[in-house]
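If you count by our numbering, then the sequence shown holds residues 3 to 230, one letter each, in order. Here a beta-carbon is modelled for each residue, glycine too, at the ideal position from N, C-alpha and C. Here is the structure we will look at, set down as structure tokens.
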Amino acid sequence: MSKGLPMPTYPPALSMALQGIDTQNLVRYISIMSILIPTVIEKSTYGERAYDIYSRLLKDRIIFLGGPIDDHVANLVIAQMLFLESENAQKDMLLYINSPGGSVAAGLAIYDTMQYVKPDVSTICVGVAASMGAFLLASGAKGKRYCLPNSDIMIHQISSGFQGQATDIEINARYILKLKSRLNMLLAKHTGKSPDIVERDSERDNWMGSEEAKKYGLIDKILQAKKA
């Protein structure tokens with residue numbers, strides 16, 4: 003940016019994403035984001051207040067996990083969970099998932115937080131919950147894992163592409179196998195299946211509809227339309 007122009011303050015995740023963007027592209031990016039993220043006007047006795055849609059949902063203890071899972075997304079989801087716990091440690095929070103999956107490390111950070119916070123975390127799939135998205139869907143509080151009728155859910159084994167010296171590749175391969183075993187154990191715990199069955203069923207992309215996912219133990223209930 004030009005000298006003399008103060009740099010606006012953004013949330014940490016957005017600031018990191020905007021590093022290195024010139025002024026023209028920054029203005030364009032902010033304009034696009036302003037269009038894509040709706041603003042909700044709420045009236046009260048104190049007047050009107052504007053919220054972005056995600057902040058308004060957070061007021062109702064709803065967290066929306068949409069898109070690929072990476073470190074930035076994980077940090078935002080974790081921060082919201084910790085905030086909701088501090089607000090009310092007895093009231094459930096709802097995690098809506100529409101995600102193709104992503105980073106295993108980032109997903110496990112969300113998973114550990116879900117298990118750590120005191121309130122139950124209810125999970126709801128809208129659209130797609132694939133790979134790590136399906137893992138998080140199944141990791142919700144028992145009896146409180148849902149999906150909509152036309153949701154698609156997919157489990158598979160983790161994948162990775164390592165390069166470098168043969169020794170480094172061997173070390174990383176051993177780590178991946180350990181990580182695969184750990185994920186299979188966790189998914190087995192949440193679905194009620196044996197680790198061997200989970201390993202067999204996730205050997206390749208295993209797509210399921212809502213009924214199949216319920217039968218498999220990834221969800222507890224299929225939510226029907228509210229309208230009659």
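Q | Assumed close pair TYR53, GLU44 - CB separation to whole angstroms, cut-off 8 Å | A | In the sequence shown, counting from the first residue as 1, residue 53 sits at position 51. In the sequence shown, counting from the first residue as 1, residue 44 sits at position 42. Right, the Cβ-Cβ distance comes to about 6 Å (below 8 Å), so this counts as a contact.
Q: Could you tell me the distance, in whole angstroms, from the CA atom of ASP203 to the CA atom of ALA143?
A: Against the sequence shown, residue 203 aligns to sequence position 201. Against the sequence shown, residue 143 aligns to sequence position 141. If you take the alpha carbons of ASP203 and ALA143, they lie about 23 Å apart.
Q) For LYS191, which three-state DSSP category applies? A) Within the sequence shown, the letter at position 189 stands for residue 191. LYS191 falls in the helix class under three-state DSSP.
Q.
If you follow the alpha helix (DSSP H) that TYR48 is in, where does it begin and where does it stop?
A. By 1-based counting over the sequence shown, the position of residue 48 is 46. Going by DSSP, TYR48 is part of no alpha helix (DSSP H) at all; its letter is neither H nor E.
Q. Distance, Cα to Cα, GLN92 vs GLN165?
A. In the sequence shown, residue 92 corresponds to position 90, counting from 1. In the sequence shown, residue 165 corresponds to position 163, counting from 1. Distance between the alpha carbons of GLN92 and GLN165: 47 Å.
Q. If you drop the 5 nearest sequence neighbours on each side, which residues of the same chain put their C-beta closer than 6 Å to that of GLY145?
A. Within the sequence shown, residue 145 is the residue found at index 143, counting from 1. If we look at GLY145 and ignore the five residues flanking it on each side, its Cβ neighbours are ASP222.
Q) Anyone know if the C-beta pair for ASP170 and SER124 falls short of 7 Å? A) Residue mapping note: residue 170 aligns to position 168 of the sequence shown, counting from 1. Residue mapping note: residue 124 aligns to position 122 of the sequence shown, counting from 1. No. Outside cutoff.
(Q) Taking its Cβ as the centre, do 16 or more other Cβ atoms sit within 10 Å of LEU97, making it buried, or is it exposed? (A) Stepping through the sequence shown from its first residue, residue 97 is reached at position 95. Buried, by the Cβ-count rule.
Q.
Going by the DSSP bridge assignment, what does THR125 pair with across the sheet?
A. Walking along the sequence shown from the start, residue 125 turns up at place 123. For THR125, which the question treats as bridged, DSSP gives the partners LEU97 and ARG147.
Q.
If you reduce the DSSP assignment to three classes, tell me which class TYR31 lands in.
A. Position 29 of the sequence shown, counted from the first residue, corresponds to residue 31. Low confidence applies here, because TYR31 scores a pLDDT of 48, under 50, leaving its location unreliable; read the following figure in that light. Here TYR31 carries a helix assignment [DSSP, helix/strand/coil].
Q) Taking three-plus beta-carbon pairs below 8 Å as touching, is the segment 210 to 229 in contact with the segment 145 to 160? A) yes
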